[in-house]
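In the working numbering, the protein residues as written are 21 to 360.
Heads up: the structure comes next, in structure tokens.
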Ligand SMILES: Nc1ncnc2c1ncn2[C@@H]1O[C@H](COP(=O)(O)OP(=O)(O)OP(=O)(O)O)[C@@H](O)[C@H]1O
Ligand SMILES: [Mg+2]
């Protein structure tokens with residue numbers, strides 16, 4: 021019943037069975053296919069893992085960049101904040117010193133007014149000349165007080181942007197002459213000569229008449245205050261031709277020059293500052309006021325897009341310059357200006 025198979029037959033039968041079960045290529049072919057599939061899977065997995073690592077790195081880079089950006093912004097904000105705090109502190113200090121100087125300015129004339137009026141009240145039979153002298157002092161000191169109050173009000177109105185400018189086309193020569201006339205008594209008192217050099221063909225300017233007078237008056241008042249007796253003060257003006265599109269008529273340049281005590285170069289900009297620190301040594305030596313005049317001048321001039329600056333030599337003299345927009349002369353017709 022059992023048939024004995026030779027090795028050759030057995031090998032042949034096994035190959036037949038393998039071919040039946042595994043197809044033509046046999047085990048080798050199956051192994052090759054398996055290896056190919058396995059490799060493909062491995063490559064796919066490796067590519068996916070690589071892609072994931074890449075994406076994670078990109079995300080980490082992004083987070084790092086964002087963190088750096090945030091840190092930079094925080095540092096920037098901190099620096100801005102520190103700067104703002106410093107500025108606020110500086111402003112506080114300036115306001116403190118300004119308040120001290122303003123209170124002093126109020127106290128000085130008030131003290132004179134009170135003392136001289138008390139003397140007048142107490143001593144009826146005082147020499148009439150003396151009484152007149154005292155009344156003059158009281159009058160001058162009240163004027164000083166009202167000037168101070170007006171300046172303070174002007175400055176706070178300018179600060180609040182509430183200053184009203186009524187622009188008219190006007191002759192600068194007239195403005196200068198009218199302003200100078202008011203200061204004749206002070207000029208005479210110090211034996212100062214005032215020379216005006218205003219060319220006849222000077223174009224009119226377009227600005228607020230009272231504010232322009234205020235600028236000229238402040239500069240002239242300073243020139244008188246800081247001049248020694250017997251000196252000379254000059255006011256000159258000239259037209260600067262215009263080449264700007266918005267200002268075809270150009271500018272009028274005005275100079276107010278004196279031969280007084282002069283200003284040191286380091287104070288050239290300080291004197292125009294609001295609440296300017298009264299600390300500048302050179303300024304302290306002089307009979308200075310509350311320091312409101314020049315800041316007001318600057319506000320008015322810059323309102324018109326003009327410039328105001330100073331040139332000076334210690335003990336030789338000072339010249340203030342300012343520019344105002346010139347107007348077309350044909351606009352300066354009769355009735356173009358409101359009566360004074
Ligand atoms: N022509 C000048 N010659 C020398 N120093 C001047 C002259 N004009 C101004 N200064 C200096 O500039 C400072 C500031 O001037 P500003 O007119 O602003 O104030 P003030 O004259 O002291 O007081 P105020 O005008 O408010 O009465 C003066 O105190 C003075 O030290
Ligand atoms: Mg002044």
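Quick reminder that beta carbons are idealized off the backbone N, C-alpha and C, glycines included.
Bounding residues of the beta strand (DSSP E) (the contiguous stretch that carries residue i)
{"i": "residue 253", "result": "252–260"}
{"i": "residue 331", "result": "328–333"}
{"i": "residue 273", "result": "271–278"}
{"i": "residue 366", "result": "Not covered by the structure: residue 366. The range shown for the chain is 21 to 360."}
{"i": "residue 345", "result": "337–345"}
{"i": "residue 217", "result": "213–217"}
Distance between residue j and residue i (C-alpha atoms, nearest Å)
{"i": "residue 35", "j": "residue 43", "result": "11 Å"}
{"i": "residue 327", "j": "residue 231", "result": "15 Å"}
{"i": "residue 275", "j": "residue 198", "result": "16 Å"}
{"i": "residue 196", "j": "residue 344", "result": "13 Å"}
{"i": "residue 174", "j": "residue 210", "result": "29 Å"}
{"i": "residue 284", "j": "residue 178", "result": "28 Å"}
{"i": "residue 64", "j": "residue 100", "result": "53 Å"}
{"i": "residue 207", "j": "residue 105", "result": "46 Å"}
{"i": "residue 346", "j": "residue 222", "result": "9 Å"}
{"i": "residue 54", "j": "residue 90", "result": "53 Å"}
{"i": "residue 119", "j": "residue 180", "result": "18 Å"}
{"i": "residue 322", "j": "residue 123", "result": "28 Å"}
{"i": "residue 31", "j": "residue 56", "result": "29 Å"}
{"i": "residue 146", "j": "residue 152", "result": "10 Å"}
{"i": "residue 94", "j": "residue 291", "result": "37 Å"}
{"i": "residue 305", "j": "residue 165", "result": "Confidence is the limiting factor: at residue 305 the pLDDT is only 47, short of 50, which leaves the residue's position unreliable, though a coordinate-based value still follows. Looking at the two C-alpha atoms, the distance is approximately 22 Å."}
Start and end residues, alpha helix (DSSP H) containing residue i
{"i": "residue 46", "result": "46–142"}
{"i": "residue 152", "result": "148–179"}
{"i": "residue 283", "result": "No alpha helix (DSSP H) holds residue 283; DSSP gives it neither H nor E."}
{"i": "residue 449", "result": "It is not possible to answer for residue 449, since the shown part of the chain is limited to 21 through 360."}
{"i": "residue 319", "result": "313–323"}
{"i": "residue 31", "result": "27–42"}
Burial state of residue i (16 or more Cβ within 10 Å)
{"i": "residue 24", "result": "exposed"}
{"i": "residue 313", "result": "buried"}
{"i": "residue 318", "result": "buried"}
{"i": "residue 139", "result": "exposed"}
{"i": "residue 236", "result": "buried"}
{"i": "residue 299", "result": "Interpretation of residue 299 is limited by its pLDDT of 44, a score under 50 that renders its predicted location unreliable; no figure is taken from the coordinates."}
{"i": "residue 79", "result": "exposed"}
{"i": "residue 170", "result": "exposed"}
{"i": "residue 108", "result": "exposed"}
{"i": "residue 225", "result": "buried"}
{"i": "residue 212", "result": "buried"}
{"i": "residue 73", "result": "exposed"}
{"i": "residue 238", "result": "buried"}
{"i": "residue 148", "result": "exposed"}
{"i": "residue 58", "result": "exposed"}
{"i": "residue 189", "result": "buried"}
Minimum C-alpha distance to residue i - residue among the options
{"i": "residue 261", "options": "273, 173, 250", "result": "273"}
{"i": "residue 227", "options": "118, 186, 235", "result": "186"}
{"i": "residue 280", "options": "165, 338, 133, 109", "result": "338"}
{"i": "residue 289", "options": "315, 222, 110", "result": "315"}
{"i": "residue 242", "options": "55, 225, 109, 203", "result": "203"}
{"i": "residue 219", "options": "60, 207, 194, 236", "result": "194"}
{"i": "residue 331", "options": "311, 309, 278", "result": "278"}
{"i": "residue 201", "options": "122, 188, 167, 240", "result": "240"}
{"i": "residue 324", "options": "85, 294, 184", "result": "184"}
{"i": "residue 233", "options": "41, 258, 110, 191", "result": "191"}
{"i": "residue 155", "options": "81, 340, 136, 47", "result": "136"}
{"i": "residue 340", "options": "253, 117, 129, 81", "result": "253"}
{"i": "residue 246", "options": "130, 92, 336", "result": "336"}
{"i": "residue 248", "options": "282, 111, 269", "result": "282"}
Own chain, CB closer than 6 Å to residue i, minus 5 neighbours either side, in chain order
{"i": "residue 77", "result": "none"}
{"i": "residue 360", "result": "Annotation note: pLDDT 45 at residue 360 (below 50); position unreliable, coordinate value reported separately. Cβ within range, chain order: n/a, list empty."}
{"i": "residue 168", "result": "125"}
{"i": "residue 258", "result": "273"}
{"i": "residue 375", "result": "There is no way to answer for residue 375, as the model of the chain reaches only from 21 to 360."}
Same chain only: Cβ atoms within 8 Å of residue i, ignoring 5 sequence neighbours per side
{"i": "residue 33", "result": "25"}
{"i": "residue 132", "result": "157, 158, 161"}
Cβ of residue i within 8 Å of any chain C Cβ
{"i": "residue 46", "result": "Looking at the structure shown, chain C is missing, and only one protein chain is on hand."}
Same chain, Cβ closer than 7 Å to residue i, neighbours up to 5 away in sequence not counted
{"i": "residue 293", "result": "315"}
{"i": "residue 349", "result": "223, 224"}
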